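Quick notes on the structure that follows.
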Amino acid sequence: MTMRHDPRDTDAEPEPERPQPMEVDALALRGLAHPLRGRILDELGRSGPATATLLGRRLGESSGSTSYHLRQLSRYGFIDEDPGHPGGRERWWRARPGGWSVAGADFLRDPETRQVASVVLHRYHRDRQESFDVWNAYARARPDAPAVRRWTSAAFDFRGRLRMTPREAEEFGLELTEVVRAMSDRYAGRTPETHPDTESVQLQTALFPEPAEAAAWARAAAEGTGESGDADGAATAADSPDSPDGPDRRADRTGRRSGGTAPDVR
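Numbering-wise (this note's numbering), the sequence shown opens with residue -4 and increments by one.
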């Protein structure tokens, strides 16, 4: 995110081009199916560049495990070597500048990619909600905690309803995304070392329809009279020791997607 929010006069130096999200293809999508890779991406986004050893310590995994999955994430284009830590005994990795984008609807329509897309998207939406729930549960349980006192007036959430056509909703989303990206550029490139008084914050946005047919489908699924259509079974299979793309890794999850590396899931 390199586009400036403030207006620029015509004599100003041209801005560097904003890093664009990587469009995830079918092969790269498969690379996201393993749960540990989501945890690694989340940690790199939250805490900045790290080595396999550091990530293993933070995530409770062996350095051999994190090293393997870092190489796979690099192979698929989700991370690259951090230029701020050249050389050394261990490689430092960073989340890909610009993040990445998943055309979720297209992958779900394709029988060849439907299962892995269901796993990846299910986990992404589940973990996004979990991250929000963790903060709110902590704020309720520890209202006098230093972090809660510090962030009470700053953290917020918003919910509203409008009536739109699909075209209007698409235009709304594009404009809102551009505003968020432009404003986010003010804070791009910060790390815990350069800005020790900051915390990682997560911004979540969602716009979705509420058709009556979806509500009826959900009721039928809850009553056991229809297909649930969720990804629980597929996610369980991907989290198993026999899941593709690497050796067995623990499937416990603690959250995912933060900072400027969050995916644009479409």
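We put the beta carbon where it would ideally sit given N, CA and C, even for glycine.
These figures come from a predicted structure and were not determined experimentally.
- Taking C-beta separations shorter than 8 Å and ignoring five residues to either side along the sequence, the partners of W130 in its chain run A150, following chain order.
- The continuous stretches of alpha helix (DSSP H) do not include D75, which lies in the beta strand (DSSP E) extending over residues I74 to E76.
- Cβ-Cβ distances below 8 Å link E188 to G43 in the same chain, with the five nearest sequence neighbours on each side left out; the list follows chain order.
- Ranking T200, W95 and V19 by CA distance to the CA of F102 puts V19 first.
- Note that the C-beta distance between V111 and A28 is below 7 Å.
- By the C-beta density criterion, L157 is exposed, having fewer than 16 other C-beta atoms within 10 angstroms.
- Each residue's CA atom was taken as its position, placing P30 and R121 some 12 Å apart.
- The Cβ-Cβ distance between M17 and G72 falls below 7 Å.
- Sequence-distant partners of R137 (beyond 5 residues in either direction) whose C-beta falls short of 7 Å from its own C-beta, in its chain, are V143.
- Annotation: the continuous alpha helix (DSSP H) that includes V174 extends over P161 to S179.
- For the set T172, R53, L171 and A21, the Cα lying nearest the Cα of R34 is the one of R53.
- Per DSSP, W130 is not a residue of any beta strand (DSSP E); the alpha helix (DSSP H) it occupies stretches across R109 to A136.
- DSSP, reduced to helix, strand and coil, places W212 within a helical segment of the structure shown.
- Of R91, L50, H117 and G55, the smallest CA-CA separation from R70 is found for R91.
- Ranking A45, T108, G51 and A201 by CA distance to the CA of A21 puts T108 first.
- Here the alpha carbon of A215 sits roughly 34 Å from the alpha carbon of G26.
- If you draw a straight line from the Cα of Y182 to the Cα of V175, it comes to about 12 Å.
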